[in-house]
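Every position in the sequence shown, counted from 1, becomes a number in this note's numbering once 51 is added.
No residue lacks a Cβ here, since even glycine has one placed at the ideal position from N, Cα and C.
Predicted model only: the values in this text are computed from it and were never measured.
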Amino acid sequence: MNRGRGWRYISLFCIIPAILFSTKTLLAEPVNLTELGVILPSIAVNAENVSVDLTVNVENDEPSTTFVTAHTASGSVLQRNNLGYWMPWSGKLDELINNFSTRTGNELFIKILKEENMSNEMFPIRITVGYETSSRLKFGVFELIKGQN
Numbered sequence: 052m053n054r055g056r057g058w059r060y061i062s063l064f065c066i067i068p069a070i071l072f073s074t075k076t077l078l079a080e081p082v083n084l085t086e087l088g089v090i091l092p093s094i095a096v097n098a099e100n101v102s103v104d105l106t107v108n109v110e111n112d113e114p115s116t117t118f119v120t121a122h123t124a125s126g127s128v129l130q131r132n133n134l135g136y137w138m139p140w141s142g143k144l145d146e147l148i149n150n151f152s153t154r155t156g157n158e159l160f161i162k163i164l165k166e167e168n169m170s171n172e173m174f175p176i177r178i179t180v181g182y183e184t185s186s187r188l189k190f191g192v193f194e195l196i197k198g199q200n
């Protein structure tokens, strides 16, 4: 193998895992949300290509709706709709849009951002994720901060 080809193979082995693992999962283990809210760890993102998902342990809860909201550093208050688009939100709980997150067993998979170019956004961005049952609302909050992927 010549020297130039060797470097191509090495860079290929570095680039492919970087692409495959570019989606950020907030935590390795599913998180538990609470009625009083839980503060989750901040996550550093590459602003040019942001993908963030969250897995929630719902235990014995039966979520009827799920939601994702964002408060930006520029003052915008947004919510994610079920198609993945961000829309203005009034801040009223009864106006939250159901995201229809996927549930498998006791785990709820919540998509937050998928391959978003946020290079023109001001950071940090505060994200709230939650779900509602017939009798209560549980949620958690974390911040997206600008960093290296």
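Beta-carbon spacing of residue i, residue j below 9 Å
{"i": "Thr116", "j": "Ile178", "result": "no"}
{"i": "Ile176", "j": "Arg131", "result": "no"}
{"i": "Gly198", "j": "Val128", "result": "no"}
{"i": "Glu194", "j": "Asn100", "result": "no"}
Classification of residue i by the beta-carbon crowding that lies within 10 angstroms, buried from 16 upward
{"i": "Phe151", "result": "exposed"}
{"i": "Lys165", "result": "exposed"}
{"i": "Phe72", "result": "Confidence at Phe72 is low in this model, with a pLDDT of 38, below 50, so its placement is unreliable and the value that follows should be read with caution. So Phe72 counts as exposed."}
{"i": "Leu134", "result": "exposed"}
For residue i, the nearest candidate out of the options (CA to CA)
{"i": "Gly191", "options": "Asn100, Val107 and Val101", "result": "Val107"}
{"i": "Glu86", "options": "Phe193, Gly181 and Lys197", "result": "Gly181"}
{"i": "Gly142", "options": "Glu110, Thr184, Phe118 and Asp104", "result": "Phe118"}
{"i": "Pro81", "options": "Thr123, Glu110 and Asn97", "result": "Glu110"}
{"i": "Leu91", "options": "Leu105, Glu183 and Ser170", "result": "Leu105"}
{"i": "Ile161", "options": "Ala98, Val96, Ser102 and Asn97", "result": "Ser102"}
Three-state class that DSSP yields for residue i in the structure shown
{"i": "Asp145", "result": "helix"}
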